[in-house]
Amino acid sequence: MKKSFWILLSVVIALLVAAFFLYPRASFGGVRMSEKQYRQVERSKRNINNVINDLDAYKPTDAKTVTKMKKDVDRLITQNGKNLSTQEFNKLEQAVGDKNGGVLATIEAAQKGKYLIDGDIASTLHSKFSVIVKESARSAVDSDSQAEKIATQIQKDLSIDSRLYKLGLRS
């Protein structure tokens, strides 16, 4: 009786260990993560994509395009800023917000002056989006190297560089 109990217990433990190591966990950019972290990355990616789509839809004579961007920027700051330290959150907020030359501030100034997004503005936006993507990736993982891999994958998936380049060419 005791032998069968120990055999059964060892089989159960072996199955649990095998399930732990063999169960497919979420992965993004070569980084294995929990489902919660993966959902955070996907949410961050979606929010960044929405802001870039708003930039693409921007019209200097239509105030509604900037109003929609404000909503998407607020959502990005709130959702992508989860789990960030105060310093990291401030970097994200400065890069995307309406103060200190963030993305929203740049677009509001363009809308006020009724001009399109040219190459200079697109270049400024490029540097801001690098910070946005990096800090958004940091909201999902604690490791700098993992965040860098995730940020690289987000930039690749969303084609951020080429999309911002195209914005600058349109004007």
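In UniProt numbering, the protein residues as written are 1 to 171. Beta carbons: idealized from backbone N, C-alpha and C, even for Gly. Fair warning: this is a prediction, and the values are worked out from it, not measured in the lab.
Per DSSP, residue i forms a beta bridge with which residues?
i, result
"residue 27", "32"
Distance check for residue j and residue i, CA to CA, integer angstroms please.
i, j, result
"residue 73", "residue 28", "24 Å"
"residue 35", "residue 44", "14 Å"
"residue 42", "residue 157", "11 Å"
"residue 60", "residue 118", "12 Å"
"residue 69", "residue 151", "22 Å"
"residue 196", "residue 71", "Because the chain here runs from 1 to 171, residue 196 falls outside it and cannot be looked at."
"residue 4", "residue 11", "10 Å"
"residue 116", "residue 167", "9 Å"
"residue 92", "residue 162", "22 Å"
"residue 32", "residue 143", "12 Å"
"residue 175", "residue 77", "With the chain covering 1 to 171 only, the question about residue 175 has no answer from this structure."
"residue 81", "residue 6", "49 Å"
"residue 125", "residue 94", "12 Å"
"residue 51", "residue 79", "13 Å"
"residue 13", "residue 135", "40 Å"
"residue 2", "residue 16", "21 Å"
Select from the options the residue whose C-alpha is nearest the C-alpha of residue i.
i, options, result
"residue 63", "46, 109, 119, 3", "109"
"residue 104", "58, 148, 165, 3", "58"
"residue 83", "15, 17, 37", "37"
"residue 75", "8, 11, 55, 47", "47"
"residue 65", "111, 96, 106", "111"
"residue 154", "130, 25, 54", "130"
"residue 123", "114, 132, 164, 135", "164"
Review point. Within the chosen definition, does the region 135–142 reach the region 82–89 through at least 3 CB pairs nearer than 8 Å?
Key: yes
Exercise for review: Quick one: which unbroken beta strand (DSSP E) runs of 3-plus residues sit fully inside the region 64–149? Chain order, please.
Suggested key: none
Practice item. Determine contact between the region 94–104 and the region 141–156, defined as no fewer than three beta-carbon pairs at a distance below 8 Å. Key: no
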